[in-house]
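Here the structure comes first, spelled out in structure tokens, and everything after it is commentary.
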Amino acid sequence: MALGELERQLGAPLFDRERGRLRLNAQGAEQLPLAREILERLGDMQRRHHEPGGALEGELRIGASNTVGNYLVGELLGPIAARHPMVALHLTVDNTRDITRMLLDHAVDVACVEGPVHHAQLETLPWRTDALVVCAAPAHPLAQRARLQPRDFADARWILRERGSATRSLTEQALTALPPGRILLELGQIEAIKQAVIAGLGIACLPYAATLDAVATGRLRVLRTPFLQLDRRLSIVLHRSRYRGALIEAFLQSLETGTHAQE
């Protein structure tokens, strides 16, 4: 069906036409998720009819929060890339709040985040566990103590993620169990926070996976804080109205297989 005929049947233009160029308008953007679904369903029908056991092809848009996208990307994408090499994977990395918004807007097909997501249109599936750790430069006074107590953190200078980050939310919860300190910096990237801590500017709660290299080279030290609850669960998030075709099902299966392999 030609574009003009489709617009006539819908009774509204889907594109703005300017100097011979087409630009998707608001009506077109509203219909785009449905158009993607139609094409995906058609592809699944053709695959089942012509090549029921054939290789998967297509595009999968994945959104990931910063911890997942920057430090666990191999676990996230490795299994499906190995099993389905013809699938084009597109990864967008941002904080949990913005990735959730992209999923609601159908800008990504599936998301993986470390923060809790509560929305009637979204479904959350558990993926794997994760944890934050409190870290400091080796020369920091807290790093010199053999055994820490909550009172030792009085007046500590903290470096936090930006608001909207799941790491920020969990850090704020942990800080309620400690004496008041001071927020020295708010930074939007985990690596920036890590470098600030290494430089001795303050202490921070960072994802365990983000600290491994610096701890191994002696630039960073993890503080033992058994009195803080810093465990969390990483989750896969799906839009309830989004068609779950072969690509999404293959992605979910690859994550489940990868998790079992680690166990």
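The sequence shown finishes on residue 263 if you use UniProt numbering, and the numbering steps up by one all the way, no holes. Glycine included, C-beta positions come from ideal geometry on N, C-alpha and C. Since the structure is predicted, the reported quantities are computational estimates derived from the model, not experimental observations.
- DSSP places P126 inside the beta strand (DSSP E), whose first and last residues are 122 to 136.
- S65 sits in a strand when the DSSP states are folded into three classes.
- Three or more beta-carbon pairs separated by less than 8 angstroms are not found between the segment 136 to 146 and the segment 162 to 174, which leaves the two stretches without contact.
- Residue environment: R8 is assigned as exposed (fewer than 16 neighbouring CB atoms within 10 Å of its CB, all protein chains considered).
- About 12 angstroms separates the CB atoms of G181 and R151; that is not less than 8 angstroms, and the two are not in contact.
- When the alpha-carbon of A210 is set against those of T257, L76, V68, R232, the nearest one is in V68.
- The three-state secondary structure of L56, taken from DSSP, is coil.
- Taking C-beta atoms as the reference points, L76 and A88 fail to come closer than 9 angstroms.
- Taking C-beta separations shorter than 7 angstroms and ignoring five residues to either side along the sequence, the partners of L223 in its chain run V134, C135, A136, L142, A143, L148, following chain order.
- Distance from the Cα of T225 is smallest, within the candidate group G115, C205, A199, R128, for C205.
- With contact defined as three or more Cβ pairs closer than 8 angstroms, the segment 91 to 102 and the segment 229 to 236 are not in contact.
- It is roughly 10 angstroms from the alpha-carbon of G78 to the alpha-carbon of F251.
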